[in-house]
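Novice:
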Amino acid sequence: MDQIFVSIDLEMTGPRPENQEIIEIAVVKFKGSEVLASWSTLVNPRCAIPYNIQVLTGIKQEDVDRAPALPEVAGQLLKFVKGYPLVAHSVSLDVACLERKGVKLENQQVDTFELASILLPQLSSYSLETVAKHLDVSFRAMHRAADDALTTKEVFLALLEKAMELDLFVVQEINRLVGNVDWPLKQLFQDVERRQSRAAFGSSIREQLAAKSGLENTLLSVSFSSEDRKPLAPTSSRKPVDVATLTSILDPGGLLDRQFSGYEHRPQQTKMMQAVADALNNRQNLIVEAGTGTGKSLAYLLPAVFFAVQNGERVVVSTNTINLQDQLYTKDVPDLQAILPVRFRAALLKGRSNYLCLDRWAHMRRQGDLSKDEVLTLVKILAWLPSTQTGDVSELSRLGDQDGAVWSKISAANENCAGNQCNYYGKGSCFLYSARRQAESSHVVIVNHALLLSDLSVEGVLPEYRCLVVDEAHHLEDEATHQLSYAVNQANLTSHLRELSHGSAQDRQSGMLLHLGSHFRGSTAPVGVQKDVEALADRLVERSQEAVSTVEQLFAQLAAFLEAHAQDNRGYDIRLRLTPGLRRQPAWEAIELTWENLAVQLGDVADGLGRLFTIFSELETHKILDYDNLMNDLRRHHQFFAQALGEIQAIVAIPRAERICWVSADARHDDITLCSAPLHVGDILEEQLFSKKDSVILTSATLSTANRFDYIQERLSFRDAKGLLVESPFDHVESTLVYIPMDMPEPEKPYYQRSVQQAIIDLCRATGGRALILFTSHSQLRQTYQSIRQPLQEAGILVLGHKVDQMPRRQLLQTFKTNPKTVLLGAASFWEGVDVVGEALSVLVIARLPFAVPSDPIFAARSEGFEDPFNQYALPQTILRFKQGFGRLIRSRNDRGAVVVLDKRIHSKTYGTTFLRSVPPCTVTRGTLDSLPREVADWLSGGRARSSGLEARERTKAR
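Mapping of the sequence shown onto the numbering used here: position 9 corresponds to residue 581, and the numbering continues sequentially without gaps.
1) Exposed or buried, which one is L608 when buried takes at least 16 other CB atoms within 10 Å?
2) Going straight from the alpha carbon of P958 to that of S1272, what length do you get?
3) Determine the closest residue to I1478 out of T1497, N1466 and R1460, with distance taken between C-alpha atoms.
4) Decide if L650 is buried, meaning its Cβ has at least 16 other Cβ atoms within 10 Å, or exposed.
5) My output table needs one value for C1002: the three-state DSSP class, helix, strand or coil.
6) Report yes or no: is there a C-beta of chain B within less than 9 Å of the C-beta of M845?
7) Should M1084 be labelled buried (16 or more other beta-carbon atoms within 10 Å of its own) or exposed?
8) Mark Y1324 as exposed unless 16 or more other C-beta atoms lie within 10 angstroms of its C-beta, in which case mark it buried.
9) What does Y927 pair with, by DSSP beta-bridge criteria?
10) Looking at the structure shown, is Q575 part of a helix, part of a strand, or coil, going by DSSP?
11) Is I621 helix, strand or coil when you go by DSSP?
12) Just confirm the distance between the C-beta atoms of N624 and A639, as a whole number of angstroms; I'd bet it's less than 8 Å.
13) Classify C929: buried if its beta carbon has 16 or more other beta carbons within 10 angstroms, exposed otherwise.
14) Whole angstroms are fine: how far does the CA of Q1062 sit from the CA of D1243?
15) Measuring alpha carbon to alpha carbon, tell me which residue in L1108, G923, R1009 and Q1383 is nearest S980.
16) Looking at the structure shown, is Q856 part of a helix, part of a strand, or coil, going by DSSP?
17) What separation, rounded to the nearest whole angstrom, lies between the Cα atoms of Y1058 and N1204?
18) Distance, Cα to Cα, S795 vs T723?
19) Can you tell me which of F832, Q1010, S1276 and N926 puts its alpha carbon nearest to the alpha carbon of K802?
20) Report, in whole angstroms, the separation of the C-beta atoms of L1191 and I1220, which I expect to be a contact under 8 Å.
21) I'd like to confirm the pairing. Which residues does DSSP put opposite D683 in its beta bridges?
22) Beta carbon of V1472, beta carbon of A1338: below 9 Å?
23) On the criterion of 16 or more Cβ atoms from any shown chain inside 10 Å, does A620 qualify as buried, or is it exposed?
24) Would P913 and V815 be called neighbours here (beta carbons separated by less than 9 Å)?
25) Out of F1442, W1403 and F1302, state which residue places its alpha-carbon closest to the alpha-carbon of E836.
26) Is L781 helix, strand or coil by DSSP?
27) Going by DSSP, which residues form a beta bridge with Y1311?
28) What residues in its chain sit with their C-beta under 8 Å from that of V813, if we drop five residues either side in the sequence?
29) Between L1542 and A730, which are expected to be in contact by the criterion C-beta below 8 Å, what is the C-beta distance as a whole number of angstroms?
30) Hey, S1095 and H935 are a contact pair by Cβ (cut 8 Å); roughly how many whole angstroms apart?
31) Compare the C-alpha of P1317 against each of F1290, S869, P1152 and T1500 and name the closest.
32) How about V1101 and E1164: are their beta carbons less than 9 Å apart?
33) Please state the DSSP three-state secondary structure of K1294.
34) May I have a chain-ordered list of the alpha helix (DSSP H) segments no shorter than 4 residues that lie completely inside the stretch 715-775?
35) Label H1087 either buried or exposed according to how many other C-beta atoms from any shown protein chain fall within 10 Å of its C-beta, with 16 as the threshold for buried.
36) Examine the Cβ distances between the stretch 947-958 and the stretch 1003-1022 and report whether three or more of them are shorter than 8 Å.
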């Protein structure tokens, strides 16, 4: 490009520009690859720079204290940028920050973050560093303005080249879509189209004709894999896998040892593999706890592959997390396909709503009154579509809330799908049915728990299967609870009602019933039917508008009820279980009366929609305008209101014994939601899943309590399964110190929180950070963060807090891994899924044993089903959670670290020893808070525990 651009970068005192001060500015003027000029300066923010920003940028307080303030350099900046287009990563944030400080830049803006999210849709992150690495742009020290401005310039030029690689008709369609939208990147794509058109002028006649065939033909010829898609054909008789052959593959000198450098033979892995093979051979159920480092994925994949190939069957493998799904599908399975003597196919299958419906997308793209959010989402999909073979939304990694709202309208979800009536289905270009065909022809089908469980109750995408492996099985009860739960708020109900009855120029999705008559334009439907439809639509519009007011009244009453009866918990979510006692309150009786009125209104709406659907079903051949989308909308709304009627009735008026009901509110207490969940999911799992399979294998690193599977088997109704405990191959006695301060106060006693804070400060000073601190509540996490941050920063240790530092989880973990002197405070998701190998994570502190909140509606209701709720339910559940947290520390054979438990109950209560008996044998030391820093520091340096004189604990390896 001959145009001159200026790349700009700011460094600030925090991650959120809207309330931060500028500490450095840099700009680079360039034309093409040539740098014409550059300028940078430190800026005095007139405030202290947080320690984490000093660590991140390398800019010290004394550096900026001597620098000019922003007003002193604003003139130089304005003179440098003149009227040139500004290029930056999230440019609008930089420009807005400057404007808040009195420096107004009215230049055209080019955002490399947004441009990358369009042109590189599959990146997991769009940080400047990640984008630069992907584009092979050499980057310098990140988080210094001059280096980042130069990197941004190179990234911009590389992205321009990517834009030029788009098909001309894709660029033309992007420009058509954004024609009436105020979008800063519009001019850039118009320039790309002009450049491509000039280049196409000299192309061959064949190339020009191909370009003119345009987007529609491309959509009908989306390229799918051409491999054999014939469904598997089960053999007439079952042939067991040869366990000895499989064992030889894992043995020293075996196939894996010969093919993979660094392969380690692990007897524990062989033991698990043999048990899985036996279960498949003998149509048995199996539950396996495999400690960290066992290699359980290979232990079940190997027998599953051989069994599936020999018997012409498929084995379904279900995981809870995306990370494990990706590991299985992109690493473990390809590794086996490359070396095994048997040929097998594998598929990754997801729920219907994950797949793009080309018909719905094409329909939406042709509409002329799209909102800006809709247009920009369609642009992202348009740029991605020619490169995808799956149509899987996970490939579009930067979809925000607005994008998600658009995706819900164009996905292949049940209510949107026209099935075999769809043009794309008939042409073989349907992403959903392509995924189904691939699964039908595959020996191993990888799914997640959500799909596995939703497939039980709705028309799913899973082909028939008889053998199931559930990895991360400790999540199965929670995911089943989630899948079988129901929740609805005022926004849900009002949105659907307004889509039917409230026409508005600003919201084209509203008022479907108001415009129902327009579908008869040019049709051959009888005039009498048309009049009946319009009359029915008018009645439903009136009823829908009445219902909107009643919904508002109902949720206002629910908010008042929650305010009166829930514990004051400002700043946090509230969940109030609807017990018989609460239902007898006069205020609840008033809620029931309001619901009775609303139920009549919603019932009329649901019935009317059902009648309309029936009427239009009989008019399919009468040239009804936009018939398929009309039927989809009628079906979708009818299903929503029919379900809402039944579910809300069961929550408000006629509770069912097998359901748990509650009212919830978000932290601001302005989003009230009615919720229900199943009381027991085990019986449902046994009846609808386990009993219908020949063999089910459940596995995880955390399934047993005190070496027994009783709890998890009872919760899942998986009672007749064989059990196997496979120890971790890691030597925890040598690698892991468990330190228990005997003089900690009880959690509910005075000085407990102060003791936690001081213990963390003293410990982390001694270890130089390298610590993950796990909490059971964000309240305690925030309180601790505020108290320890300054003392540890003075010691040169960076303190990071989940949901405190306003950084995404991924960025927190990346900073923790790469900065050796860091303490990370985490709650909730940090108890599992944190995999930090090496010295970066050398100390794990468990601030409090992770017991559930007693007032949680699901926990409270399920507790009532036990004679001894604490020992039969609360304690085993907490032990499994504790084991998950404990497992964050030792992630490899060479790791060494310490677990510090700051909850006195682990030794003051009789149940405390059960926690220790549920983790691998370790070196356990009971000492004082004063000796804690020295003991842990000595251990990390290779010493032995000394303060208690206790020897390494052994435990009975019971099964």
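Virtual Cβ for every residue (Gly too), placed ideally from N, Cα, C.
Specialist: Looking at the atomic coordinates:
1) As a position in the sequence shown, residue 608 is number 36, starting the count at 1. That one is exposed.
2) The residue given as residue 958 occupies position 386 in the sequence shown. The residue given as residue 1272 occupies position 700 in the sequence shown. When rounded, the distance between both Cα atoms is 39 Å.
3) As a first step, residue 1478 must be located in the sequence shown, where it is residue number 906. If you compare the alpha carbons of T1497, N1466 and R1460 with that of I1478, the shortest gap goes to T1497.
4) As a working note, residue 650 is residue 78 in the sequence shown. Exposed, because fewer than 16 other Cβ atoms sit within 10 Å of the Cβ of L650.
5) For the purposes of this step, residue 1002 is identified with residue 430 of the sequence shown, where counting begins at 1. Here DSSP, grouped into helix, strand and coil, assigns C1002 to coil.
6) Structure shown: chain B not included; a single protein chain is present.
7) In the sequence shown, the residue the question calls residue 1084 occupies position 512. M1084 is buried by the Cβ-count criterion.
8) Along the sequence shown, read from residue 1 onward, the residue named residue 1324 stands at position 752. So Y1324 ends up on the buried side.
9) Numbered from 1 along the sequence shown, position 355 holds the residue referred to as residue 927. Paired residue(s): D964.
10) Here the question's residue 575 lines up with position 3 in the sequence shown. In this structure, Q575 counts as coil in the three-state DSSP scheme.
11) Residue mapping note: residue 621 aligns to position 49 of the sequence shown, counting from 1. Coil.
12) Looking up residue 624 in the sequence shown gives position 52. Looking up residue 639 in the sequence shown gives position 67. Wrong, their Cβ atoms sit about 20 Å apart, outside the cutoff.
13) On the sequence shown, residue 929 is found 357 positions in, with the first residue counted as 1. Flag for C929 reads buried.
14) Locating residue 1243 in the sequence shown gives position 671, counting from the first residue. Locating residue 1062 in the sequence shown gives position 490, counting from the first residue. Their Cα atoms are separated by approximately 8 Å.
15) To locate residue 980, count along the sequence shown from 1; it is residue 408. In terms of Cα proximity to S980, the closest of L1108, G923, R1009 and Q1383 is G923.
16) Sequence index remark: in the sequence shown, residue 856 carries index 284 (1-based). Here Q856 sits in coil by DSSP.
17) Reading the sequence shown from its first residue, position 486 is the one you call residue 1058. Reading the sequence shown from its first residue, position 632 is the one you call residue 1204. Straight-line Cα distance between these residues: approximately 22 Å.
18) On the sequence shown, position 223 is the one that residue 795 refers to. On the sequence shown, position 151 is the one that residue 723 refers to. Low confidence applies here, because S795 scores a pLDDT of 49, under 50, leaving its location unreliable; read the following figure in that light. Roughly 35 Å between the two C-alpha positions.
19) Along the sequence shown, read from residue 1 onward, the residue named residue 802 stands at position 230. Here the closest residue by C-alpha is Q1010.
20) In the sequence shown, residue 1191 corresponds to position 619, counting from 1. In the sequence shown, residue 1220 corresponds to position 648, counting from 1. L1191 to I1220, Cβ: 32 Å. No contact.
21) The residue labelled residue 683 in the question sits at position 111 within the sequence shown. Paired residue(s): A660.
22) As a working mapping, residue 1472 is identified with position 900 in the sequence shown. As a working mapping, residue 1338 is identified with position 766 in the sequence shown. Result no, Cβ atoms of V1472 and A1338 do not sit closer than 9 Å.
23) The residue you call residue 620 lines up with position 48 of the sequence shown. A620 comes out exposed.
24) One-based indexing of the sequence shown puts residue 913 at position 341. One-based indexing of the sequence shown puts residue 815 at position 243. It is not a contact, given that the beta carbons lie outside the stated cut-off.
25) For this step, residue 836 is matched to residue 264 along the sequence shown. Out of F1442, W1403 and F1302, F1302 has the C-alpha closest to the C-alpha of E836.
26) Your numbering for residue 781 matches position 209 in the sequence shown. In this prediction, L781 has a pLDDT of 47, which is less than 50 and means its spatial position is unreliable; nothing more can be read from the coordinates.
27) As a position in the sequence shown, residue 1311 is number 739, starting the count at 1. Looking at the DSSP output, Y1311 bridges to V1472 and T1497.
28) Counted from its first residue, the sequence shown places residue 813 at position 241. So the qualifying residues of the chain are A849, L852, N853, P875, F878, F879 and Q882.
29) With the chain represented from 573 up to 1531, any question about residue 1542 goes unanswered, as that position is not in the structure.
30) As a position in the sequence shown, residue 1095 is number 523, starting the count at 1. As a position in the sequence shown, residue 935 is number 363, starting the count at 1. So it is not a contact: roughly 18 Å between Cβ atoms.
31) Position 745 of the sequence shown, counted from the start, is the residue given in the question as residue 1317. Among F1290, S869, P1152 and T1500, the Cα nearest to that of P1317 belongs to T1500.
32) For this step, residue 1101 is matched to residue 529 along the sequence shown. For this step, residue 1164 is matched to residue 592 along the sequence shown. Not closer than 9 Å, so no.
33) Translated into positions along the sequence shown, residue 1294 becomes position 722. Correct three-state label for K1294: strand.
34) 717-736, 740-749 and 758-773
35) Within the sequence shown, residue 1087 is the residue found at index 515, counting from 1. Counting the other CB atoms within 10 Å of its CB gives H1087 a total below 16, which places it among the exposed residues.
36) no
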